[in-house]
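Comments concern the structure below.
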Amino acid sequence: MSRVEWMAPAPHGSLQYRQWLAHERRARLTVRTAQLAILVVFLVLWEVLPKAQIVNPLFTSYPSALWPTFLELLKETPRQASILTHTWFTVFATIIGFSAAMALGIAIAAALWWWNDLYKVLDPYLVVANAMPKTAFVPIFYIWLGATLSIYGMSLAISLFIAILMIYNGFQGIDPNKIKLAQTFGATRRQLLTKVVLPGSIPTLIAALKVNVGLSLVGVVVGEFQSGSQIFKLNIVMTAITILAIVSSAMYLAISWLEAAVMRRR
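All letters in the sequence shown, in the order written, are residues 1350 to 1615 by the working numbering.
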């Protein structure tokens, strides 16, 4: 056996590397098992406690009652659209809301980073605007924008200001040594923004995206409640909440996949 052949690495890596991979797989499996266990325990308690009259079923309903309700809501009548139609509109409005909030948030945060004096002027207004309860504006948006556009308006308003503040803080958190190094090589302010600040803020942008998905969905639902009728049938209410939870989970998984793909490219 030649020395080259003797020094060649094992086809599947070293023993330490294989042990590390096995440890990572076990860790992921443990996390997934714990997540599934929490969901199962929650559903079992939700089913058992109302049926045992420990919790009043009038206030909570229970999972086994949701599937027949969902099948009933799937039916489309001349007076009522299918629940899938409503769900699609909610998802579409949420995507439009958080996409607009992210685009505007990045643009405004970049302007604030570019002109520091502008940030000093607008800082108190941004903080106050973010702290205000956006649900108070639901009737105003309904009057100003109408039934449909007010939903998009709420989705945008409820997530825009937190997006601006998060992204701007991410821009400010860039390592100043990286900026000084780029300036040493003659980088312009635009090049600093596009080559240093924005790429270095990708984790912050992903975090803002995760937050804005949930906030935009809340804005859409609040806007829809304003334009819709109030109902007191708990089976229908809990079915709608369950569907919203599934939609939120799907959006979270999509963003997690995007985050993993972006971080691998980095």
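Even for Gly, the Cβ is constructed at its ideal location relative to N, Cα and C.
7 Å Cβ cutoff met for residue i and residue j
{"i": "Asn1584", "j": "Ser1431", "result": "no"}
{"i": "Ala1450", "j": "Ser1508", "result": "yes"}
{"i": "Ala1506", "j": "Lys1483", "result": "yes"}
{"i": "Gly1572", "j": "Ile1500", "result": "yes"}
{"i": "Ile1444", "j": "Ile1516", "result": "no"}
{"i": "Ala1478", "j": "Phe1510", "result": "yes"}
Euclidean distance between Cα positions of residue i and residue j
{"i": "Ser1363", "j": "Lys1529", "result": "41 Å"}
{"i": "Arg1539", "j": "Trp1395", "result": "55 Å"}
{"i": "Ala1480", "j": "Arg1375", "result": "42 Å"}
{"i": "Trp1464", "j": "Gly1522", "result": "16 Å"}
{"i": "Ser1597", "j": "Lys1559", "result": "10 Å"}
{"i": "Pro1525", "j": "Arg1377", "result": "36 Å"}
{"i": "Pro1488", "j": "Phe1419", "result": "30 Å"}
Cutoff 7 Å; reference residue i; Cβ partners in own chain excluding five residues on either side
{"i": "Leu1398", "result": "Val1404"}
{"i": "Ala1610", "result": "none"}
{"i": "Gly1446", "result": "Tyr1501, Ser1504, Leu1505, Ser1508, Ser1565, Gly1568, Val1569"}
{"i": "Thr1591", "result": "Leu1415"}
{"i": "Glu1608", "result": "Ile1555"}
{"i": "Ser1413", "result": "Glu1396"}
Beta-carbon proximity list for residue i, same chain, < 6 Å, skipping 5 on both sides
{"i": "Gln1368", "result": "none"}
{"i": "Thr1439", "result": "Val1569"}
{"i": "Pro1406", "result": "Pro1399"}
Closest by C-alpha distance to residue i, when choosing among the options
{"i": "Ile1555", "options": "Phe1510, Ala1531, Ser1597, Ile1604", "result": "Ile1604"}
{"i": "Phe1408", "options": "Leu1602, Met1587, Ala1459", "result": "Met1587"}
{"i": "Tyr1474", "options": "Leu1514, Phe1520, Leu1453", "result": "Leu1514"}
{"i": "Ser1550", "options": "Arg1613, Thr1543, Phe1520, Gly1535", "result": "Phe1520"}
{"i": "Tyr1468", "options": "Ile1595, Leu1494, Asn1518", "result": "Asn1518"}
Cβ-based neighbour list, residue i, same chain, cut-off 8 Å, excluding 5 preceding and 5 following
{"i": "Leu1433", "result": "Leu1423"}
heavy atom of the ligand GDP below 6 Å from residue i C-beta
{"i": "Ile1604", "result": "Summarising the ligand content, the structure contains no ligands, and the ligand GDP is consequently not present."}
Starting from the N-terminal side, write out each stretch of the alpha helix (DSSP H) that is 4 residues or longer and does not extend beyond the segment 1547-1602. If we require 4 residues or more, the alpha helix (DSSP H) runs fully inside the segment 1547-1602 come out as 1551-1576.
Just list the beta strand (DSSP E) runs in the segment 1412-1453, keeping only unbroken ones of 3 residues or longer that don't cross its boundaries, in chain order. You should have found no qualifying run.
Which runs of the alpha helix (DSSP H), 4 residues or longer, sit entirely within the segment 1462-1529? The qualifying runs are 1465-1480, 1487-1521.
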